[in-house]
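*Asks:* Once you've had a glance at the structure underneath, I'll fire off some questions.
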Amino acid sequence: MTVPQYSHGFSCRLLRMAQLLVTLLSVSSLSTTDGFVPANVQRASQPSFGLERQHCQRYQRRQSRVFLYGDSYDDEEEEDDDDDFIDTDSLGDWRNFRRSLAMDETHDDNDSDDESAASKKKKDSTVTSLLENEREVTDNERVLEEQNPALAEEYGTGVWAHQVSTPEVGGLVVRMPLEVELYRNYRHSITGSKLRSLLTDDGEGEDIPMEDLVMSHWYGRSRDLIESEMKKIAEMADEEGQIDATTLTEDYSEMLHLYLDNQETWQEVCLVLEQLTDEEGSKSSKTLVLNRPMAFKLTRDLGRLVYFGGLDDNHTKLGRKNAQGLTRFMLAFQEECAVYVGGPDDQGKAATLIHGIKDLPGAVEISKGSNIYRGGLEAAVDGILDGRFSPLEFRFFVGCHNYEESMLDVEVLLGKYQPIACARSIALKQCISLPKPLWHEVMELCDGEFPDLSRLELLKRDDVIFQVLDEEALDNLEILLDGDDEDFDIEILDDDDEDETPTGW
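Counting with mature numbering (1 follows the signal peptide of the UniProt record, and there is no 0), you get residues -35 to -1, 1 to 470 for the letters of the sequence shown.
What follows is the structure, given as structure tokens:
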């Protein structure tokens, strides 16, 4: 496992302790997707009438809020929401409609009440429209232009992203930094409550509303608290650098759990692929991590994994039809194939194929109006061999994140993930040799405090060494950790790596 870590302020024992305890620690009050094995839930038919769908959606909202607020949650708070139900399937391309509304709101918020400023804006409207047509092309767009010119044109003329309150199929859920998670989840996290107390003390005892706190202040406070708590945990290590997880207090157990989970899912940008509601109103969700590249060329074994799934006795001896299909697949994709680690679940299944080709036989739109499609592998192979398609118009994902019992909604409410609606070009573009990592690209496209958050996170990267650890280096890691140096630079692989081919995250 290669993860990001601060190179200053953390002792070498912290890394060793974190690695040793990742399978030992158990915090019963929180759930994560890592290692979570979902039950085989039958796909329930979607309610066909608006009132039934409204009932299911309200049940899901209540289930998540009861999880957060316990018995004190009052159903009457939901009564006003009953008239707000919208059947999104009936709206056609409702994402662009909503995007237009969001853009209008942004312009309204930025309008000055000063009459002279308004007059100047009207006077310069022609110049502004010309400048918009000559928008500066980013380095990421130049990379996209080389990989997929048609998608690059779509991106350049209509890319957009903005935050939404709940996950939606065809949209994104983006992993928030641990600093943000603690800041948002001060009601239900011990460490988050500690952070809130620090911020209250900074306000000379006043309980300052969250929206009135300056981001740079609470982010810095949260960062310092994380570093302080993790140092205290590291100091509990014995002479061999090990800690008995059962001896940790509840607050330290939670802190270590949150820290390790954040490292595992650091800056994930996930496409919401499915959301299904069972007969009892519980929601199951599936997401694909977009920015964990695995390979850009196919070996024979990797080709079999992508095409068939995990190798077992059933595929030891390929039938003639399967052998021909695999051969054609390798001919089409062997020299250029974008394969990603989609998540820790279902890695033994055949890879999920994602693309933006509407009329591809066998492909299915993941959500009406999204223009994002899955499946149609055989037709994709035919199209590449015929010269109609390019291999980089397709993305393969090995594994996924599975969520049951509305847990994705719960993790959003706990501050772990931020739902974001976006143009399809963000989900379809490759994460190969990106000058700017996808996480930062998405953050900077959003409004509000997200661009500032991206800049704060980029400051961390100045203190991180980027390198891929091979197996020999991992075997020798214990020797490095037993050295005399108190500080240790953690090697990390990110989606903007250009020279190395990753084998995981």
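Built from N, CA and C at the ideal position, the CB exists for glycine as well.
Small disclaimer: the values here were computed from a predicted structure and weren't measured.
1) Closer than 8 Å is the cut-off here; do at least three beta carbon pairs connect the region 401 to 414 with the region 242 to 254?
2) On a CA-only basis, which of T211, L221 and S187 is nearest A199? Give me that one, please.
3) Grab me the residues of S(-7)'s own chain with a C-beta within less than 6 Å of its C-beta, minus the 5 sequence neighbours each way, in chain order.
4) By the three-class DSSP mapping on this structure, what secondary structure does W231 have?
5) For M141, does the three-state DSSP call read helix, strand or coil?
6) So what does DSSP say about N105, is it helix, strand or coil?
7) Which full runs of the alpha helix (DSSP H) of 4+ residues lie inside the region 110 to 163, going along the chain?
8) Taking C-alpha atoms, which residue in K425, R293 and G308 lies nearest to E343?
9) Using alpha carbons as the reference points, say which of A115, T122 and Q112 lies closest to V102.
10) Would you mind working out which of E358, S193, Q395 and Y184 sits nearest Y148, comparing C-alpha positions?
11) Have a look at V234 and R140 and give me their C-alpha separation to the nearest angstrom.
12) Give the list of continuous alpha helix (DSSP H) stretches no shorter than 4 residues that lie fully inside the region 164 to 227.
13) In or out: L350 buried (at least 16 other Cβ within 10 Å) or exposed?
14) Thinking C-alpha only, which one of C302, N256 and L423 is nearest Q112?
15) To the nearest angstrom, report how far apart I331 and A202 are at their CA atoms.
16) For the region 353 to 370 against the region 308 to 320, are there 3 or more C-beta pairs whose distance is under 8 Å?
17) Which whole-angstrom value describes the C-beta separation of G135 and I391, a residue pair presumed to lie in contact below a C-beta threshold of 8 Å?
18) Going by beta-carbon coordinates alone, are L137 and V346 separated by less than 8 Å?
19) Relative to the alpha-carbon of L267, which residue among C396, L291 and K286 has its alpha-carbon at the smallest distance?
20) Taking the beta strand (DSSP E) that L253 falls in, what are its first and last residues?
21) Counting along the chain, where does the alpha helix (DSSP H) carrying A388 start and finish?
22) Using a Cβ-Cβ cutoff of less than 8 Å, which residues in the same chain neighbour L190 once the five nearest sequence positions on both sides are dropped?
23) In or out: D374 buried (at least 16 other Cβ within 10 Å) or exposed?
24) If you compare alpha carbons, which of S154, F273, E119 and N105 is closest to L379?
25) State buried or exposed for L445, treating a residue as buried only when at least 16 other CB atoms are found within 10 Å of its CB.
26) What does the alpha-carbon distance come out to for the pair K333 and A260?
27) Have a look at E409, P114, R186 and L116 and flag the residue whose alpha-carbon is nearest the alpha-carbon of V145.
28) In this structure, how does DSSP classify F354 when only helix, strand and coil are distinguished?
29) Mapping the DSSP letters down to three states, classify T367 as helix, strand or coil.
*Replies:* Walking through what the data contain:
1) Counting C-beta pairs with one atom in each stretch, the region 401 to 414 and the region 242 to 254 have fewer than three that are closer than 8 Å, which means they do not touch.
2) Your numbering for residue 199 matches position 234 in the sequence shown. Proximity to A199 across T211, L221 and S187 peaks at L221, based on C-alpha coordinates.
3) By 1-based counting over the sequence shown, the position of residue -7 is 29. Reliability of the predicted coordinates at S(-7) is poor, the pLDDT of 33 falling under 50, and the value obtained from them is presented with this limitation in mind. Answer for S(-7): no residue qualifies.
4) Mapped onto the sequence shown, residue 231 falls at position 266. Coil, per DSSP.
5) Translated into the one-based positions of the sequence shown, residue 141 becomes position 176. Here M141 sits in coil by DSSP.
6) Your numbering for residue 105 matches position 140 in the sequence shown. Assigned with DSSP and collapsed to three states, N105 falls in helix.
7) Within the region 110 to 163, complete alpha helix (DSSP H) segments of at least 4 residues are found at 114 to 123 and 143 to 149, given in chain order.
8) As a working mapping, residue 343 is identified with position 378 in the sequence shown. Taking only the C-alpha atoms, the option nearest E343 is R293.
9) Residue numbering aside, residue 102 sits at position 137 when the sequence shown is read from its first letter. Nearest C-alpha to V102: T122.
10) Numbered from its first residue, the sequence shown carries residue 148 at position 183. Checking every option, the nearest Cα to that of Y148 belongs to Y184.
11) In the sequence shown, residue 234 corresponds to position 269, counting from 1. In the sequence shown, residue 140 corresponds to position 175, counting from 1. Near 6 Å, if we compare the C-alpha coordinates of R140 and V234.
12) With a minimum length of 4 residues, the unbroken runs of alpha helix (DSSP H) contained wholly in the region 164 to 227 fall at 180 to 199.
13) To locate residue 350, count along the sequence shown from 1; it is residue 385. By the C-beta density criterion, L350 is exposed, having fewer than 16 other C-beta atoms within 10 angstroms.
14) Translated into the one-based positions of the sequence shown, residue 112 becomes position 147. The shortest CA-to-CA distance from Q112 to any of C302, N256 and L423 is the one to C302.
15) Translated into positions along the sequence shown, residue 331 becomes position 366. Translated into positions along the sequence shown, residue 202 becomes position 237. Distance between the alpha carbons of I331 and A202: 48 Å.
16) Segments in contact, yes.
17) Working through the sequence shown from its first residue, we reach residue 135 at position 170. Working through the sequence shown from its first residue, we reach residue 391 at position 426. The beta-carbon separation of G135 and I391, rounded to 11 Å, does not stay under the 8 Å limit for a contact.
18) For the purposes of this step, residue 137 is taken as the residue at position 172 of the sequence shown. For the purposes of this step, residue 346 is taken as the residue at position 381 of the sequence shown. Here L137 is not near V346, since their CB atoms are 8 Å or more apart.
19) Residue numbering aside, residue 267 sits at position 302 when the sequence shown is read from its first letter. It is L291 whose Cα lies nearest to the Cα of L267.
20) Reading the sequence shown from its first residue, position 288 is the one you call residue 253. Its beta strand (DSSP E) spans residues K248 to V254.
21) Looking up residue 388 in the sequence shown gives position 423. Where A388 is concerned, there is no enclosing alpha helix (DSSP H), given that its DSSP letter is neither H nor E.
22) On the sequence shown, position 225 is the one that residue 190 refers to. Cβ neighbours of L190 beyond the five flanking positions: L147, T156, K159, L160 and L163.
23) The residue given as residue 374 occupies position 409 in the sequence shown. Per the 10 Å Cβ criterion, buried.
24) Counting from one through the sequence shown, the residue named residue 379 turns up at place 414. Looking at the Cα atoms, S154 is the closest of the given residues.
25) The residue given as residue 445 occupies position 480 in the sequence shown. Below a pLDDT of 50, predicted positions are generally treated as unreliable, and L445, at 44, falls in that range; no measurement from the model is reported.
26) For the purposes of this step, residue 333 is taken as the residue at position 368 of the sequence shown. For the purposes of this step, residue 260 is taken as the residue at position 295 of the sequence shown. Those two C-alpha atoms are separated by around 31 Å.
27) Taking the first residue of the sequence shown as position 1, residue 145 is located at position 180. Residue R186 holds the alpha-carbon nearest to the alpha-carbon of V145 among E409, P114, R186 and L116.
28) Here the question's residue 354 lines up with position 389 in the sequence shown. In this structure, DSSP gives F354 a state outside helix and strand, which the three-state scheme calls coil.
29) Here residue 367 refers to the residue found at position 402 of the sequence shown. Correcting the residue identity first, residue 367 is Asn in this sequence and not Thr. Correct three-state label for N367: strand.
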